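Single-structure report; data block below.
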Amino acid sequence: MAEKIKINLNRVPMPKQEAAVRRRNFNEVALGYREQQAVEEASRCIQCKKPNCIKGCPVGVNIPEFIRAVCEGDMPEAVRIIKSTNSLPAICGRVCPQETQCEMVCALNKKGAPIAIGRLERYVADWERAHPEIAERQKNRVTFNGKKMAIVGSGPAGLTCAADLAKLGYEVTIFEALHVAGGVLTYGIPEFRLPKDIVQAEVDYVKSLGVDIKLDHVIGKIATVDELLQGNYDAVFLAPGAGAPMFLNIPGENLIGIYSANEFLTRTNLMKAYRFPEYDTPIKVGRNVAVIGGGNVAMDASRCALRLGAGKVHLIYRRSEVEMPARAEERDNAKEEGVIFKLLTNPSHFIEDESGKVKAVECYEMELGEPDESGRRRPIRKPGTEFTMPVDTVVVALGTRPNPIIPSTTEGLEVTKWGTVKADEDNGRTSKDRVWCGGDMATGAATVISAMGAGKRAAANINAYFEG
Amino acid sequence: MYRIIAKERLAENIHLLEVEAPEVAKKAQPGQFVVVRVDEEGERIPLTIADWDVEKGSMTIIFLEVGTTTRKLACLNAGDGILNFVGPLGRPTDIDHFGTVVCVAGGVGAASLFPISRSLKACGNEVITIMGARTKQLIFWEERLRSISHQLIITTDDGSYGRKGVVTVPLKELLEARKVDRVIAIGPAVMMKFCCLTTKPFGVSTIVSLNPIMVDGTGMCGCCRVSVEGETRFACVDGPDFDGHKVDWDLLMNRQRAYLEEERKSLELWETKALKK
Ligand SMILES: Cc1cc2nc3c(=O)[nH]c(=O)nc-3n(C[C@H](O)[C@H](O)[C@H](O)COP(=O)(O)OP(=O)(O)OC[C@H]3O[C@@H](n4cnc5c(N)ncnc54)[C@H](O)[C@@H]3O)c2cc1C
Ligand SMILES: Cc1cc2nc3c(=O)[nH]c(=O)nc-3n(C[C@H](O)[C@H](O)[C@H](O)COP(=O)(O)OP(=O)(O)OC[C@H]3O[C@@H](n4cnc5c(N)ncnc54)[C@H](O)[C@@H]3O)c2cc1C
Ligand code: SF4
Ligand code: SF4
Ligand code: FES
């Protein structure tokens, strides 16, 4: 049968702050659709009979349905549809890697113009925040089923699991080590990509479902997982993320001026060092900043450095741009803002000045050899290419691994050789009775939406365990 | 909010706060620390647990006023609240029956040492405590330390109380005079460094409590990294106690100076604001 529907391939672009302006402020880069733009984009959706897009979303948002509601201008309905499966839409709409999730499998992607699902989701979520009376009407009203759940970590995995269980009638307590909830959403991803009042609003929504969040509680220290199980709680969901930073292990790495990306971003985002001295926590950003790494975290650190007043920011990465794990969008944003990419380059050691601060980094050049086990071409050192680059601030963004505090204090919890907790991918069950795990702690550093998917699957399995 | 139950001024610029934190008190052990944040704009700073009371559900911290956060803390009184109080963090001090243990405290280090010495004594060790301060006015908890020590030696830099001089002098004398099985030194980095240099020739195992700048205190930022036996360790989770003979002291002291300029600026601003009030 011939195609009758006229397909519109003009994705409505996202308005953004100008690069020259935004590179010096912490305000949000992407400004969001206005109503007319949202409706225009939504009306491009061809409402597939068998919508692939839903399968591309780890939390199963009913995408065609909510898009239809947007087309019809029925925003409360769009909110209801999204929130029935996704408790954190304002966050997902901003930071989901849609190009490898829902939008990748959208029918229109074959024509190179998938529906901007993330942007529409963001639009709906932002609309809801501007209309609090709707949230009031859609309040969770369930009676407790008498079961008490402890969740460790208030990142996307923990929040999602908590919300789903609360909706099912569980009494849920989240234990969070830091003084603010949100996990990486709060301490890692910068304000200009994900404003903290939006994270707070989503956290408040989860609280409004009846979830109690206990901040300042480091599980493994103030209480162990076993103590939670012996005490008040029927089950535990572990979602402590993978927050321990890795370093290069090269000489000079502990000089003043050298940060892990986690420290750099935590000082900036969680402690608000970009507002020092109004806020007490300082950060030092010099004239020549080098960020080492090629992932999203490296992009965030580089862009923060610019906004904190850096003169030049060099991004040092040992492979070429093709192999960079960072999202294309973030890479382009960083480039537009003036981050200089030093590719096929690797540091060998840091050089100090007379006061113990870093003053230079010695690097060498690399070339690409045969593909390695990750399928990417292996970088090989080019002999005789050593050179020195002056730097006064360095951010090491090599990735993170799970923090051992929980595995080392929990009896009978099996871990892998990478330090991640062994958990069933489909349902989150661990080797330990009544303990589930999901998110970065189970997978190693991944994405917000995959952590949320894990939280959701674990909630369903926990419920099956107690109901079945 | 964590409510302050009691406050005491122990010496010029040294204060004690007893804070309501029953869950922390239940798990506290000697050598561990807490991280506090005073207010919304505040920095997170680590302070050692000086004492605790499980029944009362309270934690005692003792601090020296050095910068913005400790000045802010010093302005609080019983009935006020501290915004965040996280703990107990770090590994507890290794307590065992060692034999004779010399415990050396420099300045506010006396506060951190107290629960350690108490446990060591309860464990059957002979505990000899050396307490050093710049001058007599800065000595506190003398009676408390005496009560858990078999012998207490006090030194002051200016000779205004106890022996004149630094703690390493009586430490060396003890090492020369008798068999010492272990030394525990807590205080400013230089003082710990010199204690280690003193004990090294005698081959006596020396435990120190390192105090690098910290942010989270849970192993996720790496700000607290120190070098021990040439390896990078995180003081907040791998320590704060380490074998002092293996510590790179110059690195520790260097990293403690990372923010001198900013700390000064922050304090100036706070003082101007405080004056206006
Ligand atoms: C800088 C940066 C940028 C990123 N950008 C993106 C992006 O754009 N898009 C995307 O999809 N993903 C991004 N990611 C990855 C994504 O943020 C993570 O995959 C996701 O947050 C993992 O969620 P989680 O719930 O497993 O853990 P986390 O978000 O890490 O949360 C874990 C929480 O548990 C707490 N915790 C840890 N240990 C304990 C304990 N013992 N007791 C109590 N609480 C504890 C932690 O303090 C933390 O709050 C980024 C990551 C970083 C670091
Ligand atoms: C595990 C640990 C336990 C500690 N226990 C105690 C304690 O029981 N009592 C006590 O008085 N102090 C203790 N300290 C030191 C205390 O944390 C610092 O004095 C405090 O952070 C200073 O904060 P501020 O904002 O008042 O001063 P700032 O303006 O931040 O600093 C002023 C001066 O203090 C130094 N300094 C800053 N941060 C630290 C730090 N984290 N550690 C050491 N020196 C620092 C700076 O080099 C500077 O010279 C401990 C430190 C650690 C790491
Ligand atoms: S949550 Fe993420 S993956 Fe799911 S529909 Fe929204 S943007 Fe797509
Ligand atoms: S696959 Fe794309 S076009 Fe089809 S329903 Fe989903 S969003 Fe609409
Ligand atoms: S203080 Fe952050 S890792 Fe130790």
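Protein sequence lines correspond, in order, to chains A and B. Quick note: the first sequence uses our numbering, first residue 1, plus one each step. Quick note: the second sequence uses our numbering, first residue 1, plus one each step. Each residue gets a CB set at the ideal place from its N, CA and C atoms; glycine is no exception. Nothing here was measured: the structure is a model prediction, and the numbers come from that model.
Where the alpha helix (DSSP H) through residue i begins and ends
| i | result |
| --- | --- |
| M441(A) | D440 to T443 |
| E121(A) | I117 to A130 |
| M452(A) | V448 to E467 |
| E263(A) | A261 to L265 |
| I256(A) | Careful: I256(A) lies outside any alpha helix (DSSP H) and carries neither H nor E. |
| A328(A) | A328 to E337 |
| S266(B) | L260 to K276 |
| G109(B) | G109 to A122 |
Residues that residue i contacts on chain B, provided the C-beta gap is smaller than 8 Å
| i | result |
| --- | --- |
| P97(A) | Within 8 Å Cβ-Cβ: nothing; P97(A) doesn't reach chain B, min ~23 Å. |
Closer than 8 Å at the beta carbon, the chain A residues around residue i
| i | result |
| --- | --- |
| K27(B) | K221, I222 and A223 |
| S149(B) | Here the premise fails: no neighbours, minimum Cβ distance about 29 Å. |
| V215(B) | E263, T266, R267, M271 and T281 |
| Y161(B) | Here the premise fails: no neighbours, minimum Cβ distance about 35 Å. |
| P92(B) | Within 8 Å Cβ-Cβ: nothing; P92(B) doesn't reach chain A, min ~11 Å. |
| T232(B) | F247, N249, E253 and N254 |
| P88(B) | K221 and I222 |
Within chain B, the residues that residue i reaches when beta carbons sit closer than 7 Å
| i | result |
| --- | --- |
| S260(A) | C221 and G222 |
Residue i, buried or exposed, once every other Cβ within 10 Å from all chains shown has been counted against 16
| i | result |
| --- | --- |
| V199(A) | buried |
| R178(B) | exposed |
| R9(B) | exposed |
| W418(A) | exposed |
| P15(A) | exposed |
| M1(A) | At M1(A) the pLDDT is 43, less than 50, meaning the model places this residue with poor confidence; the figure from the coordinates comes in the next sentence. So M1(A) ends up on the exposed side. |
| C123(B) | exposed |
| M1(B) | exposed |
| E330(A) | buried |
| L260(B) | exposed |
| T143(A) | exposed |
| N254(A) | buried |
| P383(A) | exposed |
| L252(B) | buried |
| C236(B) | buried |
| H97(B) | exposed |
Limits of the unbroken beta strand (DSSP E) element including residue i
| i | result |
| --- | --- |
| L17(B) | I14 to E20 |
| T129(B) | E126 to A133 |
| Y187(A) | From DSSP, Y187(A) is part of no beta strand (DSSP E) but of the alpha helix (DSSP H) over V184 to Y187. |
| T100(A) | Run containing T100(A): none; DSSP gives neither H nor E here. |
| T345(A) | T345 to E352 |
| A78(B) | Neither: A78(B) is in no beta strand (DSSP E) and is coded neither H nor E. |
| G106(B) | T100 to G106 |
| P156(A) | Per DSSP, P156(A) belongs to no beta strand (DSSP E); it is in the alpha helix (DSSP H), P156 to K167. |
Contact list for residue i against chain A, beta-carbon separation under 9 Å
| i | result |
| --- | --- |
| F85(B) | D216 |
| P188(B) | By Cβ distance, chain A contributes nothing, its closest Cβ being about 18 Å from P188(B), past 9 Å. |
Chain B residues whose Cβ lies nearer than 9 Å to that of residue i
| i | result |
| --- | --- |
| T345(A) | Result: empty, since nearest Cβ-Cβ is about 23 Å, beyond 9 Å. |
| I405(A) | T218, G219 and V237 |
Chain A residues whose Cβ lies nearer than 7 Å to that of residue i
| i | result |
| --- | --- |
| K265(B) | P277 |
| T68(B) | D280 |
| N254(B) | I256 and G356 |
| V24(B) | I222 |
| G42(B) | D280 |
| T135(B) | Those within 7 Å of T135(B) in chain A number zero; the least Cβ separation is about 30 Å. |
| S227(B) | N254 |
_Distance cut 5 Å, beta-carbon to ligand 2 heavy atom: residue list by chain order_ = The set, ordered by position in the chain, is F33(B), I45(B), P46(B), L47(B), T48(B), F63(B), L64(B), V66(B), G67(B), T68(B), T69(B), T70(B), V108(B), N211(B), I213(B), P240(B), Q256(B) and E263(B).
*asked:* Using a Cβ distance threshold of 8 Å, determine whether the region 417-434 of chain A contacts the region 228-248 of chain A, with at least three qualifying pairs required.
replied: Yes, they touch.
*Going along the chain, which residues put their C-beta within less than 7 Å of some heavy atom in ligand 5?*
Qualifying residues come out as E263(A), M214(B), V215(B), D216(B), G217(B), T218(B), G219(B), M220(B), C221(B), G222(B), C223(B), C224(B), F234(B), A235(B), C236(B) and V237(B).
*asked:* Quick test of the definition: if touching needs 3 or more C-beta pairs under 8 Å, does the region 189-206 of chain A touch the region 221-232 of chain A?
replied: Taking 8 Å as the limit for Cβ pairs, the verdict is that the region 221-232 of chain A does not touch the region 189-206 of chain A.
*asked:* Counting beta carbon pairs with one atom in the region 367-382 of chain A and one in the region 337-349 of chain A, are three or more of them shorter than 8 Å?
replied: Short answer: they touch.
*May I ask you to verify whether the region 261-274 of chain B touches the region 229-243 of chain B, counting CB pairs closer than 8 Å and requiring at least 3?*
Judged by Cβ distances under 8 Å, the region 261-274 of chain B makes no contact with the region 229-243 of chain B, as fewer than three pairs qualify.
*Between the region 350-368 of chain A and the region 259-266 of chain A, do at least 3 Cβ pairs fall closer than 8 Å?*
Flag = no, the region 350-368 of chain A and the region 259-266 of chain A do not touch.
*Would you be able to state if there are at least three C-beta pairs under 8 Å between the region 62-70 of chain A and the region 32-45 of chain A?*
They touch, by the three-pair rule.
*Taking three-plus beta-carbon pairs below 8 Å as touching, is the region 76-86 of chain A in contact with the region 20-29 of chain A?*
With the cut-off at 8 Å, the region 76-86 of chain A and the region 20-29 of chain A do not touch.
*Say whether the region 454-461 of chain A touches the region 28-46 of chain B, bearing in mind that this needs 3 or more beta-carbon pairs closer than 8 Å, one atom from each stretch.*
Touching, no, given that fewer than three Cβ pairs across the two stretches are closer than 8 Å.
*Are the region 129-146 of chain B and the region 99-106 of chain B touching, with three or more C-beta to C-beta distances below 8 Å?*
At 8 Å Cβ cutoff, the stretches touch.
*asked:* Check whether the region 122-140 of chain B and the region 148-158 of chain B are in contact - that is, three or more C-beta pairs closer than 8 Å.
replied: As far as the Cβ criterion goes, the region 122-140 of chain B touches the region 148-158 of chain B, which means the pair count is three or higher.
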